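Heads up: the sequence shown runs through residues -20 to -1, 1 to 353, numbered per mature numbering (1 follows the signal peptide of the UniProt record, and there is no 0).
We treat Cβ as the ideally placed atom computed from N, Cα and C, and that holds for glycine.
Keep in mind the model is a prediction, meaning the values are calculated, not measured.
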Amino acid sequence: MKTKTIKFLFLIILSSLLSCGESSSKKEKIANASGEPKPADSSYIVDVTEMDYAFGMPEEIKSGWVTFRMKNKGKEEHLGLLQKLPDSLNSLSVSTVRERFLEDSLPMGDWKAGPGILSPGRTGKTTVYLKPGLYILWCTIRTPEGTPHYKKGMLRSFRVTQELGGEKKPKADVNITVSRYAYSTDQPIGPGTHTFNVQFADDGIFDVFIAHLKEDQDMEDVFNWRLRAPSPVEFLGGTEQQPGLFQVDLNPGRYVFYSTQGGLDGLAEEITIPEEGKAPAISGNPVNSPISWSLSDSDSVLTAPEGRTLVTFENNSSHRIDYLWFWLKPEFSEKQFLEYIQPGNLWSRGGPGYTKPIPANGKKDFPDCRRAK
């Protein structure tokens, strides 16, 4: 068997340079992948309509386990990013929260969650635990022209009351664990309706989206999309950045579990749902033997096998080292990259991502190279 190696370039930079309407569902029967009926949990459901460019939902909902049933009635992809405001702002009115958010005068909390990306015509269910307080629901997908949806009005503020809605966490049939940087599931996955329970093994903040691939599409179509409508692939939902659950119907075909924060670093898994039987459980274990790399004060060019690999870095220099790492395509030479990355070239361009590792801008701003998985 041939061993494929990938050439990496590590750019070593001293840290001094880097500083320059709601409802309650009834019990019903759902067929699982084996065809056996199972009772669905009684959940507290809030219906949310996604439109171009607005959310339709109540201004006040109950606390506890809340299932958002999202319906995308627009012509573009949408998501619902939930953000809880600091408790010190609980006395503000819902309308004031919206106004101050648009004015960039609203202090925001760190807690984020919410329903994942849905393509036009799709409906998704995402369940998260909400404490009482004020929340913002906003969409960060961009129009074809590049304008974020929330700046066109796709922003909703609402209050979560002390009254408890969903007391018990809904049941799931598949657990999906998110770590740095891998997904894993505890069960094989077959066709049918599945409820995924998302849990985190590390303290990273990552989302879990699921997309359906057509016959002529692959993972690169997902990687290349920069959250600007329209998407080349069909998104079926998921969950944002917090433990929670999401429900999705899987027909036979190819699907991708994907994170917009860590997809290029390895948080992307393709599965094929068969006509009969089940797809194997997703394993997040490394497929290669561990590698130890020693870093010095100079630029380093290193090689590694293809696939998920545990890499240990050792700083043998006399300084603190910050590094950026890229996967160089064969036609892109090391010399070209080093010239492109030099101060006065890349750094003078400004913009987000240029003075820190580049998870979001690598594909867009470096047409001839891409961040490594």
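Inter-segment contact for the segment 125 to 132 and the segment 255 to 271 is absent: fewer than three beta-carbon pairs are separated by less than 8 Å. Apart from the 5 residues on each side of it in sequence, residue 224 sits with its Cβ closer than 7 Å to the Cβ of 93, 106, 107, 108 and 178 in its chain, given in chain order. If you keep only unbroken alpha helix (DSSP H) runs of at least 4 residues inside the segment 211 to 257, you get nothing at all. Nearest Cα to residue 254 within the set 233, 70 and 87: 233. Each of 118, 53 and 145 was checked against the Cα of residue 100, and the nearest Cα belongs to 53. For the set 286, 85 and 49, the Cα lying nearest the Cα of residue 102 is the one of 49. Using a Cβ-Cβ distance cut-off of 8 Å, the segment 158 to 168 and the segment 203 to 222 are not in contact, since fewer than three pairs of beta carbons, one from each stretch, lie closer than that value. Each of 51, 59, 86 and 82 was checked against the Cα of residue 66, and the nearest Cα belongs to 86.
In the structure shown, the three-state DSSP call for residue 37 is coil. Looking only at 314, 311, 300 and 265, the smallest Cα-Cα distance to residue 291 is reached by 265. Among the bridge pairs identified by DSSP, residue 44 is matched with 110 and 146.
In the three-state DSSP reduction, residue 73 falls in the coil class, being neither helix nor strand. Rounded to the nearest whole angstrom, the C-alpha separation of residue 113 and residue 171 is 39 Å.
At the C-beta level, residue 202 and residue 236 come within 8 Å of one another. Of 256, 194 and 267, the smallest CA-CA separation from residue 286 is found for 267.
Cβ atoms of residue 214 and residue 248 stay farther apart than 8 Å, at about 16 Å. Straight across, the Cα-Cα distance linking residue 43 with residue 143 is about 6 Å.
Rounded to the nearest whole angstrom, the C-alpha separation of residue 58 and residue 274 is 44 Å. A distance below 7 Å between beta-carbons, with the five flanking residues on each side excluded, links residue 55 to the following residues of its chain, in chain order: 32 and 100. Residue 239 and residue 221 have their C-alpha atoms spaced approximately 9 Å apart. The beta carbon of residue 166 sits closer than 6 Å to the beta carbons of 155 from its chain, once the five residues preceding and following it are set aside; these are given in chain order. In the same chain as residue 47, and ignoring 5 residues on each side of it, the C-beta atoms closer than 6 Å to its own belong to 23, 25, 105 and 107, in chain order. Taking the Cα positions, residue 216 is about 38 Å away from residue 293. As computed with DSSP, residue 135 is found in a beta bridge with 118. A distance below 8 Å separates the beta carbons of residue 187 and residue 96. Ranking 145, 241 and 74 by CA distance to the CA of residue 117 puts 74 first. The Cβ-Cβ distance between residue 189 and residue 146 does not fall below 8 Å. For residue 31, the three-state secondary structure derived from DSSP is strand. Bridge pairing for residue 299: absent [DSSP].
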